[in-house]
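Scroll down for the structure; my scribbles are underneath it.
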Amino acid sequence: MTAYIHAVAMALPERVQSNSELCAGVPGWSDEKIVAKTGIISRRISAPDETASDLAVQAAEKLFAATGMDRNSIDALMYCSQSPDYFLPATSCLIQDRLQLPTLCAAFDINQGCSGFPYSLWLARALLHSGSARKILLLTSETYSKYCDNADLGTASLFGDGGAATLLSSDPEGALAEVGLSFCGTDGSGGKHLLIPGGCSRQAVPSETAPRRLIMNGAAVASFAAGTVKNGIDRLLTAAGKDWSEIDRFLFHQANPGFVRRLTAALHLPPEKVPVDLADVGNTGSATIPMMLRRQLDRGELTPGLKCVMAGFGTGFSWGMTYAEWLRGE
Amino acid sequence: MNAGATNDLLNHLAECLIVDRKRLSAETAAGDIEAWDSMGLVEIVFMLQREYGVSVPPENAGKLNSVPAIIEVLTAAGKLA
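Chains A and B, in that order, are what the protein sequence lines are.
Quick note on numbering: this note's numbering labels position 282 of the first sequence as 285, and the sequence is numbered without any gaps.
Quick note on numbering: this note's numbering labels position 14 of the second sequence as 29, and the sequence is numbered without any gaps.
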């Protein structure tokens, strides 16, 4: 018994924020500079009263509508996000009620950022493989824009909001892809490099030195990614008995198009094997990889036999790599 | 570090920072080049990995703030000996 992806859906906030809008009045910044540095042309921004769980619920409802599945058959709900509705209860519990999932459904949150999708696949596969669950709804959703200060465009220009829903099952019948091995890793010494220092328990009252906004050391994150992604994929492929050259597609977390292209070059990978997407959405954390999958499905780019590596990396520092083989398109 | 290796490094820096090569010398510091900002550092980190196979530890990424500092990193990694 193993794990299969059966469906993927995504949801975005309505508001589109252009680079020109974002950098209006900020000295030294322009649309051209943001595009040259990041490749991002616009981003989606949630409304003030719109949460990551709202986007996750929208994505889940789209998935239910597209598949016509019986939501009573879901026995585990995993909600991966760093934008919870409340400190407690777990947002997944509230989503269980909003989606009218059965009360016998387990529901829990996973607090991971850009590593979240492979991380969640690792966990989902273990649950499915053990027989502890048979059908899992995985929701990955973020509203990082609410953590950004628009005076700090080096960070704010990168992030957008959005959510994705992925249906996983132990049943191979009709599956889109088979989920193989995953490996995850952690280096908490890098936690300070991508951090919201204020507003939580360590410093409940934000201050000038510990604001309630995202502080990022981009160079440290790049250093981490450049070293970790290669080593992580090496480990994964060795365990899976595959070589780098056998992989048809490397589905990297879409930190931003520029970052993905530079990472691709640093790893000396053929660009045609590394999709670059979400230039119109921005970095949506754990939702970027399933969003990319959804769009590739829409374009008919996920074909039977395709061997994929999905790699997520970011805040923590935390990373996860998953091997998957595509079984069919839609 | 020999002149040819320095010249190669400055060419790579000019390309990744998108600045005129003539503005860079073996003594240039980040403060001399507007594009050598936090995003420029990201470019330099990836360039060092791509061109020299050198992974800079995250703790040291912020120290890549001058050409001499980069030369020191590359020399320590045995890439410019």
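Even for Gly, the Cβ is constructed at its ideal location relative to N, Cα and C.
{"Asked": "Hey, out of A:A59, A:G308 and A:V224, whose CA is closest to N259 (chain A)'s CA?", "Found": "A:V224"}
{"Asked": "For L330 (chain A), which residues from the same chain have a beta carbon less than 7 Å from its beta carbon, with the 5 sequence-adjacent residues on both sides left out?", "Found": "A178, L179, A180, E181 and P307"}
{"Asked": "Excluding five sequence neighbours on each side, which residues of the same chain lie with their C-beta closer than 7 Å to the C-beta of E58 (chain B)?", "Found": "C31 and L32"}
{"Asked": "Would you decide whether G230 (chain A) is buried or exposed? Buried here means 16 or more other CB atoms lie within 10 Å of its CB.", "Found": "buried"}
{"Asked": "For Y89 (chain A), is the classification buried or exposed, using 16 other Cβ atoms within 10 angstroms of its Cβ as the cut-off for buried?", "Found": "exposed"}
{"Asked": "Just tell me which of A:S95, A:Q115, A:A213 and A:M81 has its CA closest to the CA of L130 (chain A).", "Found": "A:M81"}
{"Asked": "Using a Cβ-Cβ cut-off of 6 Å (strictly less than) and excluding sequence neighbours within five positions of D190 (chain A), which residues of its own chain qualify?", "Found": "F320"}
{"Asked": "Counting only Cβ pairs nearer than 7 Å, list the residues of chain B close to G193 (chain A).", "Found": "P73"}
{"Asked": "If I'm right that M295 (chain A) touches D280 (chain A) with Cβ under 8 Å, what's the distance once you round it to whole angstroms?", "Found": "5 Å"}
{"Asked": "Per DSSP, I48 (chain B) is paired with what?", "Found": "Answer is none; I48 (chain B) lacks a bridge partner."}
{"Asked": "Is the CB of V60 (chain B) under 7 Å away from at least one CB in chain A?", "Found": "yes"}
{"Asked": "Would you check if the distance between the CB atom of A314 (chain A) and the CB atom of R65 (chain B) is smaller than 7 Å?", "Found": "no"}
{"Asked": "Between S45 (chain A) and the rest of its own chain, which residues show a CB-CB distance below 7 Å, the 5 nearest in sequence each way excluded?", "Found": "V19, Q20, S21, N22 and D283"}
{"Asked": "Using a Cβ cut-off of 8 Å, which residues of the stretch 194 to 228 of chain A contact any Cβ in chain B, in chain order?", "Found": "H196, N220, G221, A222, A223, V224, A225, S226 and F227"}
{"Asked": "If you compare alpha carbons, which of A:G28, A:P273, A:R265 and A:F67 is closest to A168 (chain A)?", "Found": "A:F67"}
{"Asked": "The alpha helix (DSSP H) that contains F262 (chain A), what's its start and end?", "Found": "P260 to A269"}
{"Asked": "Just to confirm before moving on: does the CB-CB distance between V71 (chain B) and S226 (chain A) stay below 7 Å?", "Found": "yes"}
{"Asked": "Helix, strand or coil, according to DSSP, for D280 (chain A) in the structure here?", "Found": "coil"}
{"Asked": "Taking 7 Å as the CB-CB limit, is R36 (chain B) close to chain A?", "Found": "no"}
{"Asked": "Among the candidates B:G46, B:P83, B:G55 and B:H27, whose CA atom is the shortest distance from the CA of A37 (chain A)?", "Found": "The amino acid occupying residue 37 (chain A) in the given sequence is Ile; Ala does not appear at that position. The residue with the shortest Cα to Cα distance from I37 (chain A) is B:G55."}
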